[in-house]
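Chains as they are written, first to last, in the numbering used here: chain F, 57 to 227; chain U, 57 to 227.
Below is one structure, written out as structure tokens; the observations come after it.
2 protein chains.
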Amino acid sequence: MNETAQRLMDMAEAHIRHAGYRGFSFRDLAAELGIRSASVHHHFPTKGTLVAAVVRRYGDRFLATVASRSSETEDDAISAYRSAFRTALERDGRMCLCGVLTAETGVLTPEVVEEIRSFFRRCIDDLTRRIGGSEAAARAYHVMATLEGGMMLARAYRDIGAFDQATASLA
Amino acid sequence: MNETAQRLMDMAEAHIRHAGYRGFSFRDLAAELGIRSASVHHHFPTKGTLVAAVVRRYGDRFLATVASRSSETEDDAISAYRSAFRTALERDGRMCLCGVLTAETGVLTPEVVEEIRSFFRRCIDDLTRRIGGSEAAARAYHVMATLEGGMMLARAYRDIGAFDQATASLA
DNA sequence: GTCTATAATTTGATAGAC
DNA sequence: GTCTATCAAATTATAGAC
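Here it is, written out as structure tokens:
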């Protein structure tokens with residue numbers, strides 16, 4: 057995976073989080089990079105291949121971030137998830153990449169759909185393990201749902217205060 | 057607003073909840089109804105006009121449903137919201153129309169964006185009023201976020217059990 | 001209210017030269 | 001790895017006849 061491919065993935069991720077899967081074309085990416093759309097196809101044969109790779113990388117990075125920012129205790133884990141999502145929201149009003157893509161499930165390729173499911177499963181499994189106890193799974197689902205919905209509300213209101221209010225009771 | 061316009065709105069809503077704002081074209085709607093796309097433009101001049109009307113009607117119907125299914129008490133209101141969303145999820149795996157559209161904010165017309173914001177505001181204001189007390193607003197944001205995120209998880213997992221787990225602690 | 005016809009643009013993807 | 005050139009299809013929208 058060379059630098060051009062990395063840049064293409066960066067741009068694709070930004071576009072998706074702004075306007076969804078169909079919020080950009082290969083020509084858009086090519087123009088931003090100063091090349092032609094046929095060259096983009098050299099790095100990623102299809103749009104589905106590109107987006108699946110973007111989702112996988114997003115999940116790897118996200119889980120590494122929350123792991124580095126928290127110990128193994130429950131409150132730390134929830135706070136780490138909350139602040140990781142809040143940072144992107146604060147910086148450019150973006151919600152979770154996978155939250156955005158889930159809305160377009162009906163037109164995504166099977167490989168992209170599977171990568172999205174994998175992201176949520178990895179997060180909820182990680183949270184469940186860290187929370188522990190008999191209600192751990194239900195709490196993990198609750199935390200993840202509230203964070204995703206909180207980002208959605210903040211975006212609709214154009215106000216990060218909506219995220220803060222929605223998630224204040226979590227940790 | 058005649059019957060053809062109503063049907064066009066029904067079809068548009070179903071398409072959006074399946075694949076987003078760009079998940080259908082005027083030609084798709086026309087073909088389903090056995091007419092031509094130019095005739096769809098007679099009822100709704102632009103796609104933005106159509107979708108704004110669909111969102112407005114969705115909000116009116118949703119608020120009427122939760123009002124009819126609950127008294128003025130707090131637990132009743134939260135349960136009514138929860139079961140109203142759960143019904144559509146159970147029937148055809150669809151999440152909230154406005155939750156879907158929020159993901160595509162970047163390509164929506166201003167009138168559609170404003171209708172979406174209006175939907176969330178109406179819901180949260182209604183919940184806040186019914187919950188009452190000093191923490192009412194924060195609780196209303198929390199409930200709405202958890203329900204929206206719960207629908208998102210259920211869709212990603214293709215399992216309504218995810219919604220149930222995420223929202224079990226609400227009411 | 002519906003039609004035919006069409007404009008103007010964009011899209012994902014491919015073939016093959018350099 | 002990047003290019004030119006191109007394809008086949010789809011999109012939103014409009015003009016004007018019936």
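Quick reminder that beta carbons are idealized off the backbone N, C-alpha and C, glycines included.
In this text the structure is predicted, and so the values were computed from the model without any measurement.
Taking U/Tyr77 as the reference, give the member of U/Asn58, U/Ala68 and U/Arg178 with the closest Cα. By one-based count along the second sequence, residue 77 of chain U stands at place 21. Nearest of U/Asn58, U/Ala68 and U/Arg178 to U/Tyr77, Cα basis: U/Ala68.
Which chain F residues are close to U/Met67, counting only those with a beta carbon under 7 Å from its beta carbon? Residue numbering aside, residue 67 of chain U sits at position 11 when the second sequence is read from its first letter. In chain order: nothing, as chain F lies at least about 14 Å away.
Is the separation between the beta-carbon of F/His99 and that of F/Thr143 shorter than 9 Å? Position 43 of the first sequence holds residue 99 of chain F. Position 87 of the first sequence holds residue 143 of chain F. The answer is no: Cβ separation not under 9 Å.
Distance, F/Gly155 Cα to F/Glu171 Cα: Along the first sequence, one-based indexing puts residue 171 of chain F at 115. Along the first sequence, one-based indexing puts residue 155 of chain F at 99. In a straight line, the C-alpha of F/Glu171 is about 12 Å away from that of F/Gly155.
Within 9 Å (strictly less), CB to CB, does U/His97 reach chain F? Within the second sequence, residue 97 of chain U is the residue found at index 41, counting from 1. Chain F contact via Cβ: absent.
Shortest alpha-carbon distance to F/Arg195 belongs to which of U/Asp182, U/His71, U/Ala193 and U/Ser225? Within the first sequence, residue 195 of chain F is the residue found at index 139, counting from 1. Closest by alpha carbon: U/Ser225.
Nearest-angstrom Cβ-Cβ length linking U/Gly188 and F/His74, presumed shorter than 8 Å: Reading the second sequence from its first residue, position 132 is the one you call residue 188 of chain U. Reading the first sequence from its first residue, position 18 is the one you call residue 74 of chain F. Not a contact, Cβ separation roughly 38 Å.
When the Cα of F/Ala227 is compared with those of F/Arg173, F/Leu183 and F/Ser190, which residue comes out closest? Position 171 of the first sequence, counted from the first residue, corresponds to residue 227 of chain F. Comparing Cα-Cα distances from F/Ala227 to each of F/Arg173, F/Leu183 and F/Ser190, the minimum goes to F/Leu183.
Residues that F/Val107 contacts on chain U, provided the C-beta gap is smaller than 7 Å: As a first step, residue 107 of chain F must be located in the first sequence, where it is residue number 51. Correct list: empty, because the minimum Cβ distance to chain U is about 14 Å.
Going straight from the alpha carbon of F/Glu130 to that of U/Gly217, what length do you get? Within the first sequence, residue 130 of chain F is the residue found at index 74, counting from 1. Within the second sequence, residue 217 of chain U is the residue found at index 161, counting from 1. Rounded to whole angstroms, F/Glu130 to U/Gly217 spans 23 Å at the Cα level.
The alpha helix (DSSP H) enclosing F/Ser127, as first and last residue numbers: Residue 127 of chain F sits at position 71 when you count from the first residue of the first sequence. Careful: F/Ser127 lies outside any alpha helix (DSSP H) and carries neither H nor E.
For U/Gly206, count neighbouring Cβ atoms within 10 angstroms of its own Cβ and tell me buried if that reaches 16, exposed if not. Start at 1 with the first residue of the second sequence, and residue 206 of chain U comes out as number 150. Burial call: buried.
Can you tell me which of the three DSSP states F/Thr165 falls into? For this step, residue 165 of chain F is matched to residue 109 along the first sequence. The answer is coil: DSSP assigns F/Thr165 none of H, G, I, E or B.
Look at the alpha carbon of U/Leu164 and the alpha carbon of F/Ile72, and state the distance between them as a whole number of angstroms. Counting from 1 along the second sequence, the entry for residue 164 of chain U is found at position 108. Counting from 1 along the first sequence, the entry for residue 72 of chain F is found at position 16. So the alpha carbons of these two residues sit roughly 14 Å apart.
Under a Cβ-count criterion, where at least 16 other Cβ atoms within 10 Å of its own Cβ denotes burial, should U/Thr102 be classed as buried or exposed? For this step, residue 102 of chain U is matched to residue 46 along the second sequence. Looking at its Cβ environment, which holds fewer than 16 other Cβ atoms inside 10 Å, U/Thr102 is exposed.
Tell me, please, whether the CB atom of F/Gly76 is closer than 9 Å to any CB atom in chain U? Taking the first residue of the first sequence as position 1, residue 76 of chain F is located at position 20. At a cut-off of 9 Å between beta-carbon atoms, F/Gly76 makes contact with chain U.
Would you mind giving the Cβ-Cβ distance between F/Arg117 and F/Met65, rounded to the nearest angstrom? I have them listed as a contact below 8 Å. For the purposes of this step, residue 117 of chain F is identified with residue 61 of the first sequence, where counting begins at 1. For the purposes of this step, residue 65 of chain F is identified with residue 9 of the first sequence, where counting begins at 1. Between F/Arg117 and F/Met65 a beta carbon distance of about 11 Å is seen, past the 8 Å cut, so the two are scored as non-contacting.
Give a yes or no on whether the minimum CB-CB distance between F/Val110 and chain U is below 9 Å. Position 54 of the first sequence, counted from the first residue, corresponds to residue 110 of chain F. Residue-level contact check: F/Val110 does not touch chain U, since none of the beta carbons of chain U fall below 9 Å from its beta carbon.
Which of the three DSSP states, helix, strand or coil, is assigned to F/Ala227? What you label residue 227 of chain F is simply residue 171 of the first sequence in a count that begins at 1. Looking at F/Ala227 - three-state DSSP - the assignment turns out to be coil, as it is neither helix nor strand.
For U/Arg125 and F/Arg222, the rounded distance between their alpha carbons: One-based indexing of the first sequence puts residue 222 of chain F at position 166. One-based indexing of the second sequence puts residue 125 of chain U at position 69. The residue you asked about is not Arg; residue 222 of chain F is Ala in the sequence shown. Taking the straight line joining both Cα atoms gives about 24 Å.
Check this for me: beta carbons of U/Ile180 and U/Met200, under 9 Å apart or not? Position 124 of the second sequence, counting from 1, holds the residue named residue 180 of chain U. Position 144 of the second sequence, counting from 1, holds the residue named residue 200 of chain U. Yes; because the gap between Cβ atoms is below 9 Å, this pair is in contact.
Could you give the first and the last residue of the continuous alpha helix (DSSP H) run that contains F/Phe100? Here residue 100 of chain F corresponds to residue number 44 of the first sequence, with the count starting at 1. No alpha helix (DSSP H) holds F/Phe100; DSSP gives it neither H nor E.
Any idea what DSSP makes of F/Ser95, helix, strand or coil? As a working note, residue 95 of chain F is residue 39 in the first sequence. Residue state, collapsed to three classes: helix.
Assumed close pair U/Gly149, U/Arg211 - CB separation to whole angstroms, cut-off 8 Å: Stepping through the second sequence from its first residue, residue 149 of chain U is reached at position 93. Stepping through the second sequence from its first residue, residue 211 of chain U is reached at position 155. Indeed they touch by this definition, with Cβ atoms about 6 Å apart.
Can you give me the Cβ contacts of U/Arg178 inside the same chain, cut-off strictly under 7 Å, excluding the 5 residues immediately before and after it? By 1-based counting over the second sequence, the position of residue 178 of chain U is 122. Shown here for U/Arg178: same chain residues with a beta carbon closer than 7 Å to its own, the five before and five after excluded, namely Gly115 and Leu119 in chain order.
is_contact[U/Gly189, chain F] using C-beta, thresh 9 Å: Translated into the one-based positions of the second sequence, residue 189 of chain U becomes position 133. So, not an interface residue.
Coarse secondary structure for F/Ser81, derived from DSSP in three states: Position 25 of the first sequence holds residue 81 of chain F. Coil, per DSSP.
In three-state DSSP terms, what is U/Cys154? Along the second sequence, one-based indexing puts residue 154 of chain U at 98. Of the three classes helix, strand and coil, the one that applies to U/Cys154 here is helix, per DSSP.
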